[in-house]
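A.B. asks:
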Amino acid sequence: MGLSRSFRFKESQRVDFRWEVFNVPNSFRPLPSSASAPLINDVTNRLFGQLRASDSPRIMQFALRYQF
26 MGLSRSFRFK ESQRVDFRWE VFNVPNSFRP LPSSASAPLI NDVTNRLFGQ
76 LRASDSPRIM QFALRYQF
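The number in my numbering is simply the position in the sequence shown, starting from 1, with 25 added.
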């Protein structure tokens, strides 16, 4: 999700402000198993059933751009 706003100065100058947010509700999203975090299928293993990785948390970024 993103929001932006432009402010005009004189005829040929402008400042743009942008705000972007990723994973807005900050919900937990487990990643599928991969080579770096393989799925443990052995029920006697102490790691059985544990989620070993998750997707990124909420991230926000801001941008300010001056055009002339």
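Every residue gets a Cβ at the ideal spot worked out from N, C-alpha and C, and that includes glycine.
Below 8 Å, how does it come out for the segment 71 to 88 and the segment 42 to 58: are there three or more Cβ pairs, yes or no?
C.D. replies: yes
A.B. asks: DSSP beta-bridge partners for D41?
C.D. replies: Taking the first residue of the sequence shown as position 1, residue 41 is located at position 16. Beta-bridge pairing links D41 to S31 and R90.
A.B. asks: By alpha-carbon positions, which one of S79, F93, K35 and E36 ends up nearest to S52?
C.D. replies: Mapped onto the sequence shown, residue 52 falls at position 27. Minimum Cα distance to S52 is reached at S79.
A.B. asks: So, using beta-carbon positions, are R39 and S31 closer together than 8 Å?
C.D. replies: Locating residue 39 in the sequence shown gives position 14, counting from the first residue. Locating residue 31 in the sequence shown gives position 6, counting from the first residue. In contact: R39 and S31 (Cβ atoms closer than 8 Å).
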